[in-house]
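> Residue numbers (the numbering used here): 52 to 480. Where a beta carbon is used, it is the ideal one built from N, C-alpha and C, also for glycine. Before I ask anything, let me first share the structure, which is written out below as structure tokens.
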Amino acid sequence: MRTRPLKVALLGCGVVGSEVARIMTTHADDLAARIGAPVELAGVAVRRPSKVREGIDPALITTDATALVQRGDIDVVIEVIGGIEPARALITTAFENGASVVSANKALLAEDGAALHAAAEKYGRDLYYEAAVAGAIPLVRPLRESLAGDKVNRVLGIVNGTTNFILDKMDTSGAGYSEALDEATALGYAEADPTADVEGFDAAAKAAILAGIAFHTRVRIGDVHREGITEVTAADIASARRMGCTVKLLAICERAADGASVTARVHPAMIPLSHPLASVREAYNAVFIEADAAGQLMFYGPGAGGSPTASAVLGDLVAVCRNKLGEATGPGESAYTRLPVSPMGEVVTRYHISLDVADKPGVLAQVATVFAEQGVSIDTVRQQGKDGEASLVVVTHRAPDAALSGTVEALRKLDTVRGVASIMRVEGE
Ligand code: HSE
């Protein structure tokens, strides 16, 4: 074993960074044996240097992250700061100064992954980011390496723990969205500002990363159709139950049937209770991958939190250090298919539509005509009438999303339709 240590700079020492530092210390011998050389924490860049950080030598703490990555003797930079800047500039500077990078930064990779990969390639460094998608769950490496010989057609998953906790709570207790969010906040699942999670931005960034790797093309967060869970009501969840379904925030990345394009979307959807994703409870994540030769694979586990995310970071650290010692680099960006990302309107899906209508002759025929005019075939209709009003629940067959949303728009214009109580896509059948 080489005795000269590989030097690691840690950028960020919050929930994830402090766990990375702890595991690097407590597992130092095992890490050295697995890598073939010891790894040494050479510096830790933080915003608040006065904070007590147990187990970290105060002499390693600095507020000057740029100087740390410019030192020239750093082998690997671990970036767990998050956000676009200064993370992007620091990663690029790290590459220029001889370091490979392990990052957990989903927002940056989903926004500017191509430029970061190009910089890594230019300087002959590694860029690894297993921790950017679904915490401890191995997804990036299975897609980049284990499935590199297969053809992935679909990635479908729950990639945000906060929203899964909220929807699970609504499902099990009958709570409304606000009540369930309050509980998620009190238990530390939701952040003080939950926007990134509940509006689907976090899941959309992960979907962009997964779609890009799965289909060997470039997908940015702006290409991902995004709807959050803030409009999901207790009535939607009850309606799903009546259909034998539950509601989940899904990230769905698909290759078109003709293979000429891909789609990536994040939105709440009803899935049958018999689907394996329906049993993913609390803040857990799970992802299905469907590939030509492999068939269906499911990955399940904790998608957030300090230790699970640090596990993914440490796995990347070992891989990157091994590459360094072997004077090699791991897989870079694979975007050779250059497949375009189609808009949401072209996605083929099913809708569950709940309408409040007048209960009088001809209303059902009127409603059915709107569906027919938009070329949308109805699968089931359930009507419950009371005092001249009725609630009508229509579930469609598969149709392009544009036709389905056109149908809803036309239904809203009917005098006999008092209101559209809920619209939700149905997936996973
Ligand atoms: N906030 C995310 C979640 C974890 O709730 O799953 C980090 O991506």
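If you follow the beta strand (DSSP E) that D407 is in, where does it begin and where does it stop?
Its beta strand (DSSP E) spans residues V399 to A409.
> Using 8 Å as the Cβ pair cut-off and three pairs as the minimum, do the stretch 333 to 350 and the stretch 202 to 209 touch?
yes
> Smallest Cα separation from G279: which of A235, A170, G470 and T214?
When only C-alpha atoms are compared, the closest one is T214.
> Unbroken alpha helix (DSSP H) runs of length 4 or more, entirely within the stretch 228 to 270: which are they?
228 to 237, 246 to 249 and 252 to 266
> Quick one: what's got a C-beta closer than 7 Å to A344's C-beta in the same chain, skipping five residues either side?
D201
> Take K58 and list the residues in its own chain whose beta-carbon comes closer than 7 Å to its own, dropping the five residues that flank it on each side.
If we look at K58 and ignore the five residues flanking it on each side, its Cβ neighbours are E91, A93, D124, I125 and D126.
> Quick one: what does DSSP say S69 is sitting in, helix, strand or coil?
In the three-state reduction of the DSSP assignment, S69 falls in the helix class.
> Based on the DSSP output, what are the partners of H448 in its beta bridges?
Looking at the DSSP assignment, H448 forms no beta bridge with any residue, so it has no partner.
> Return the first residue and the last residue of the alpha helix (DSSP H) that P359 is part of.
G357 to L376
> As a quick exercise: from P56, G65, A60 and K257, pick the residue whose alpha carbon is nearest that of G356.
G65
> Taking all protein chains shown into account, do 16 or more other C-beta atoms lie within 10 angstroms of the C-beta of S197, making it buried, or fewer, making it exposed?
exposed
> Looking at A150 and V131, is the spacing between their C-beta atoms short of 8 Å?
No.
> Should the stretch 302 to 311 be regarded as contacting the stretch 219 to 227, the criterion being three or more beta carbon pairs within less than 8 Å?
no
> By Cβ distance below 7 Å, which residues in the same chain neighbour V275 in space, the five residues on each side in sequence not counted?
Excluding the 5 residues flanking it on each side, V275 has same chain C-beta neighbours closer than 7 Å at A255, A258, A259, A315, R316 and V317, in chain order.
> Straight-line CA distance for A138 to T458?
So the two alpha carbons sit approximately 44 Å from each other.
> Determine the closest residue to T431 out of E242, Y228, V477 and G175, with distance taken between C-alpha atoms.
T431 has its Cα closest to that of V477, out of E242, Y228, V477 and G175.
> Report the residue from I74, A60 and I474 whose alpha carbon sits nearest the alpha carbon of A291.
I474
> What residue range is occupied by the uninterrupted alpha helix (DSSP H) comprising H318?
Element bounds for H318: not the alpha helix (DSSP H) but the beta strand (DSSP E), V313 to P323.
> S405: buried (16+ other C-beta within 10 angstroms of its C-beta) or exposed?
buried
> Which whole-angstrom value is the C-beta distance of Q417 and L465, which I expect to be below 8 Å?
6 Å
> Could you tell me which whole beta strand (DSSP E) segments of length 3 or greater appear in the stretch 412 to 459?
429 to 437 and 440 to 447
> Going by the CB atoms, is the gap between G426 and A450 shorter than 8 Å?
yes
> Whole angstroms is fine: what's the gap from G310's alpha carbon to E480's?
21 Å
> Does the distance from the CB of I142 to the CB of L167 come in under 8 Å?
yes
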